[in-house]
Amino acid sequence: MSWLYRNRSLMAGVGAALLATGTGSALVAAPVMAGEDREDVEASPIKSHSIDRGFVVAAAADGEGLLKSDDKSDEEDKGEDKPSKQDRLEAIADEVGFDKCQAGTALVVIETGRDMDMDDFAITIGLATVAQETNYRNLASSVVPESHEYDSCGGTGSDHDSVGIFQQRHTMGWGTVEELMDPEFQTRNFFERLDTFDYSNMALTDAAQRVQVSAHPTLYAKHEGQAKDILDAYKSA
């Protein structure tokens, strides 16, 4: 007796459900036949079909059709509440004694790094670099008047024409002054260059220096512990 014949009632019910939802989609059920290669079945493009309103029709491994509801309870759909931006800002500030400006800068570095799929060590390098360059402040420059036209927090620097949280320079090809006064833009610049070499097998201070080319290449190391604490606070918020 064929699988379709034995499951004719089931297939009729599925057809009725399709008509009720108004999808108009055709459905082909794929039974697993005796002796059929299991790997072939697993790869079958018609093994599972999603239908409107949460119904899923699947071919079970034993050859029997399975009709089940994919509906979940409200609690399962919602899951645990994700921490808000404010929760994470407060967690960072409480952990290391930052003000709102500094905590906000740290948050930008972490979330930009995560958005770029950078690993925790890369993000730690980024945080330690910002700590050394600007103490987590988005600095304008006394020698770049235009930099004062944009939002900044933490004051003004005077190291050549360096601006922003990583102290990047528009005259060195990092971007326009407007772009460099955006902490996220600077962070993306940093991670893009960091990702061009194997930083994972380097000491933090050496990796940071390779991007920054600082006159003080060893000073990034002293910020590594704090950077790890900040990232841990973010993740545990």
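The sequence shown lines up with residues -34 to -1, 1 to 203 when you count with mature numbering (1 follows the signal peptide of the UniProt record, and there is no 0).
We put the beta carbon where it would ideally sit given N, CA and C, even for glycine.
It should be emphasised that the depicted structure is a prediction, and the values quoted were computed from it without experimental measurement.
(Q) Among the candidates SER107, ASP125 and HIS126, whose CA atom is the shortest distance from the CA of CYS119? (A) Residue mapping note: residue 119 aligns to position 153 of the sequence shown, counting from 1. Looking at the Cα atoms, SER107 is the closest of the given residues.
Q: State buried or exposed for GLN133, treating a residue as buried only when at least 16 other CB atoms are found within 10 Å of its CB.
A: Taking the sequence shown and counting its residues from 1, one reaches residue 133 at position 167. Classification of GLN133: buried, given that the 10 Å Cβ count is 16 or more.
Q. Which one or two residues does DSSP pair with VAL106 in a beta bridge?
A. By 1-based counting over the sequence shown, the position of residue 106 is 140. Looking at the sequence itself, residue 106 is Ala, so the reference to Val does not match. Note: ALA106 sits in a beta bridge opposite THR122.
**Q.** the region 58 to 73 touching the region 154 to 164, judged by at least three CB pairs closer than 8 Å
**A.** Contact between the region 58 to 73 and the region 154 to 164 is absent, because fewer than three Cβ pairs lie under 8 Å.
Q: Would you identify the three-state DSSP class for VAL129, choosing helix, strand or coil?
A: Taking the sequence shown and counting its residues from 1, one reaches residue 129 at position 163. In this structure, VAL129 counts as strand in the three-state DSSP scheme.
Q: Could you pull out every residue in the same chain whose Cβ sits closer than 7 Å to the Cβ of GLU190, ignoring the five residues on either side in sequence?
A: Locating residue 190 in the sequence shown gives position 224, where the first residue counts as 1. Contacts found: THR90, ALA94 and LEU170.
Q. Taking the alpha carbon of GLU144 as the point to measure from, which residue in PRO111, ILE196 and PHE156 has its own alpha carbon closest?
A. In the sequence shown, residue 144 corresponds to position 178, counting from 1. When only C-alpha atoms are compared, the closest one is PRO111.
Q. Expressed to the nearest angstrom, what Euclidean distance is found between the alpha-carbon atoms of ALA181 and ALA69?
A. In the sequence shown, the residue the question calls residue 181 occupies position 215. In the sequence shown, the residue the question calls residue 69 occupies position 103. The straight-line gap from Cα to Cα measures roughly 27 Å.
Q. Out of curiosity, what's the CA-to-CA distance linking ASP6 and GLY92?
A. Within the sequence shown, residue 6 is the residue found at index 40, counting from 1. Within the sequence shown, residue 92 is the residue found at index 126, counting from 1. A caution first: ASP6 carries a pLDDT of 40, below 50, which makes its placement in the model too unreliable to give a value.
Q. So PHE151 packs on GLY141, CB below 8 Å; how close in whole Å?
A. Residue 151 sits at position 185 when you count from the first residue of the sequence shown. Residue 141 sits at position 175 when you count from the first residue of the sequence shown. Correct: roughly 6 Å between the Cβ atoms.
Q.
When you compare the CB positions of ALA203 and ASP81, do they come within less than 8 Å of one another, or not?
A. Numbered from its first residue, the sequence shown carries residue 203 at position 237. Numbered from its first residue, the sequence shown carries residue 81 at position 115. No, the pair does not count as a contact, with Cβ atoms beyond the cut-off.
**Q.** Closest by C-alpha distance to THR71, when choosing among GLY130, VAL109, ASP125 and VAL177
**A.** Your numbering for residue 71 matches position 105 in the sequence shown. For THR71, the closest C-alpha among the options GLY130, VAL109, ASP125 and VAL177 is that of GLY130.
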